[in-house]
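Numbering (this note's numbering), first residue to last: 112 to 289.
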């Protein structure tokens, strides 16, 4: 988890996804509850978006950042095309979970839940994933300079967090308060 979610734990990214392998439903829900108890007061939450064959797609996010991102200009109109009737984070997450249940791949609007710029999400859709300016955590179609800086911050953060984790820091210690 540290390798995938450090930027969110450090409060420099809205959200991250990772796959969690589990042996039993009880183990999965115990792990989810334990994580949420550990970091909830710091403004971070973990949500199971999809489960299949002893694997869960986990979304770690900062609800305050997600709320801010969903209220950015153009986002409400964009996600409305995909059946989102509100930009309320709890509602939007439920809608995303529902969309994930309907398909094997990822609905493209998931990028907004990860803090990707709207222009890049739209660019990805319009170009079918081709013709991007650069690739990092996502394919960039708009502000290449800003994206490259963000990618470098995320990489540095992950490197530092992995080192601290290996030195014995806990997830709670590594999570920045909101």
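Think of the CB as a built atom: it goes at the ideal place given N, C-alpha and C, for glycine as much as any other residue.
For residue j and residue i, the rounded distance between their alpha carbons
i: residue 243; j: residue 184; result: 22 Å
i: residue 230; j: residue 236; result: 10 Å
i: residue 285; j: residue 115; result: 13 Å
i: residue 155; j: residue 149; result: 9 Å
i: residue 223; j: residue 279; result: 33 Å
i: residue 226; j: residue 249; result: 10 Å
i: residue 137; j: residue 173; result: 25 Å
i: residue 239; j: residue 281; result: 40 Å
i: residue 228; j: residue 213; result: 25 Å
i: residue 216; j: residue 191; result: 20 Å
i: residue 133; j: residue 164; result: 9 Å
i: residue 186; j: residue 199; result: 12 Å
First through last residue of the beta strand (DSSP E) which encompasses residue i
i: residue 123; result: Where residue 123 is concerned, there is no enclosing beta strand (DSSP E), given that its DSSP letter is neither H nor E.
Own chain residues within Cβ distance below 6 Å of residue i, not counting five before or after
i: residue 176; result: 125
i: residue 122; result: 287
i: residue 234; result: 252
i: residue 218; result: 210
i: residue 208; result: 160
Proximity test, Cβ basis, 8 Å: residue i and chain D
i: residue 186; result: You won't find chain D in this structure, because it holds only one protein chain.
Cβ neighbours of residue i in the same chain (closer than 8 Å, five flanking residues each side left out)
i: residue 245; result: 251, 255, 258, 259
Alpha helix (DSSP H) segment containing residue i, residue limits
i: residue 256; result: 255-277
i: residue 187; result: 186-191
i: residue 206; result: 200-212
i: residue 223; result: 221-224
i: residue 283; result: 282-285
i: residue 217; result: Note, residue 217: premise wrong, no alpha helix (DSSP H); not H, not E.
i: residue 237; result: 229-237
Same chain only: Cβ atoms within 7 Å of residue i, ignoring 5 sequence neighbours per side
i: residue 264; result: 123
i: residue 204; result: 158
**Study point:** Those runs of the beta strand (DSSP E) which lie wholly inside the region 140-178 and span at least 3 residues
**Key:** You should have 155-163, 166-173.
Review point. Quick one: any contact between the region 269-276 and the region 139-147, if contact means 3 or more CB pairs under 8 Å?
Key: No, the region 269-276 is not in contact with the region 139-147.
Point to revise | Three-pair Cβ contact test at 8 Å for the region 151-171 versus the region 119-136 | key: They touch, by the three-pair rule.
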